[in-house]
Amino acid sequence: MLKATNVSKSYPGPRGAIEVLSNVSLSLNPGETASIMGPSGSGKSTLLYVLGALEPPSAGEVALDNVNPFTLGERDLAAFRNRRVGFVFQDHFLLPQCTVLENVLAPTLVDHTGGNARARAEWLIAQVGLTDRRDHRPAALSGGERQRAAIARALVRQPRLLLCDEPTGNLDRQSADAVAALLLDLQAREQILIVVTHSAALADRFGKRYTLSDRTLVPR
Ligand code: ADP
Numbered sequence: 079m080l081k082a083t084n085v086s087k088s089y090p091g092p093r094g095a096i097e098v099l100s101n102v103s104l105s106l107n108p109g110e111t112a113s114i115m116g117p118s119g120s121g122k123s124t125l126l127y128v129l130g131a132l133e134p135p136s137a138g139e140v141a142l143d144n145v146n147p148f149t150l151g152e153r154d155l156a157a158f159r160n161r162r163v164g165f166v167f168q169d170h171f172l173l174p175q176c177t178v179l180e181n182v183l184a185p186t187l188v189d190h191t192g193g194n195a196r197a198r199a200e201w202l203i204a205q206v207g208l209t210d211r212r213d214h215r216p217a218a219l220s221g222g223e224r225q226r227a228a229i230a231r232a233l234v235r236q237p238r239l240l241l242c243d244e245p246t247g248n249l250d251r252q253s254a255d256a257v258a259a260l261l262l263d264l265q266a267r268e269q270i271l272i273v274v275t276h277s278a279a280l281a282d283r284f285g286k287r288y289t290l291s292d293r294t295l296v297p298r
């Protein structure tokens, strides 16, 4: 499970530390889905970075399956992020020189524990409806197709935790609906899915619904 306990996060500012998150607690079991809404600048992305082990909290604890990533050494922390966490950003961050298949396979190249990575990548590409775009580079895809490729890439290591930051933010309504349906479909029973969004319609589709308000997470 994912457990955040009294997480606070400050950034250094010109006149001392600026507290972005204050006493955030969250607990999600395998298979649970959650959405986080809140105004721009309220700390939603920061919270995802802390939950996904990209940024250490200033205070409090985060644990995924009873492992606190911030107690790990650099190497183990990198392996933790690679194996246990998948990220989907608003800007897909696909590698422009690589095809869809190569992009989806990229997270499996860092070690050789992938096994049948190629078969899983092809299966995911089929799930996101991109089989006939498999050998295209990102520049030759539509926004929605790029976002679907990014989701396939985030899932290729079968991460326990999938974190999505405005995954439909740049998409038209129809592509946004397709991406949302895909996230909910693909999210296997044992995965934990957290989506940050400005769209109430999207947020309402997830099991637990939160707003970031006054630096903390409140149910909505
Ligand atoms: P949201 O995702 O809700 O728009 P963010 O988490 O991106 O909000 O940002 C929350 C606040 O933290 C903002 O005021 C932003 O300027 C600040 N912030 C984010 N990252 C940094 C950083 N690396 N250094 C300093 N301030 C930051």
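Residue numbering for the sequence shown is 79 to 298, as defined by the numbering used here.
In this text, a Cβ means the ideal position worked out from N, Cα and C, and glycines have one as well.
All figures in this text were calculated on a predicted structure; none of them were measured in a lab.
Evaluate residue 243 with the Cβ neighbour count: other Cβ atoms within 10 Å of its Cβ, from every protein chain shown; 16 or more gives buried, anything less gives exposed. Flag for residue 243 reads buried.
Bounding residues of the beta strand (DSSP E) (the contiguous stretch that carries residue 267): Unbroken run through residue 267: none, as it is neither H nor E.
Judging by CA-CA distance, which residue of 164, 211, 99 and 180 is the nearest neighbour of residue 236? For residue 236, the nearest C-alpha among the options comes from 164.
Curious, which full-length beta strand (DSSP E) runs of at least 3 residues does the segment 88-128 contain? If we require 3 residues or more, the beta strand (DSSP E) runs fully inside the segment 88-128 come out as 94-106 and 111-115.
With DSSP as the reference, label residue 245 as helix, strand or coil. Reduced to three states, the DSSP call for residue 245 is coil.
Counting pairs of Cβ atoms below 8 Å between the segment 274-287 and the segment 194-203, do you hit three or more? Counting C-beta pairs closer than 8 Å gives fewer than three between the segment 274-287 and the segment 194-203, which falls short of the contact rule.
Helix, strand or coil: how does DSSP classify residue 138 here? Looking at residue 138 - three-state DSSP - the assignment turns out to be strand.
Among all residues, which have a Cβ less than 5 Å from at least one non-hydrogen atom of the ligand ADP, and in what chain order do they fall? Spelled out in chain order, the answer is 89, 98, 118, 119, 120, 121, 122, 123 and 124.
Residue 216: buried (16+ other C-beta within 10 angstroms of its C-beta) or exposed? Per the 10 Å Cβ criterion, buried.
Measure from the alpha carbon of residue 183 to the alpha carbon of each residue in 197, 174, 171 and 170, then state which is nearest. Minimum Cα-Cα distance from residue 183 among the listed residues 197, 174, 171 and 170 corresponds to 197.
Quick check on residue 94: buried or exposed, where buried means 16 or more other Cβ atoms within 10 Å of its Cβ? Under this definition residue 94 is an exposed residue.
Do you know how far the Cα of residue 90 is from the Cα of residue 176? Near 37 Å, if we compare the C-alpha coordinates of residue 90 and residue 176.
Between 120, 146, 119 and 227, which lies nearest to residue 129 when the distance is taken from Cα to Cα? Among 120, 146, 119 and 227, the Cα nearest to that of residue 129 is on 146.
For the alpha helix (DSSP H) containing residue 182, name the first residue and the last one. Taken as a continuous stretch (DSSP letters only), the alpha helix (DSSP H) holding residue 182 covers 178-183.
Let me know if residue 252 comes out buried or exposed under the rule of 16 or more other beta-carbons within 10 Å of its beta-carbon. When all chains shown are included, residue 252 counts as exposed.
Is residue 160 helix, strand or coil by DSSP? Helix.
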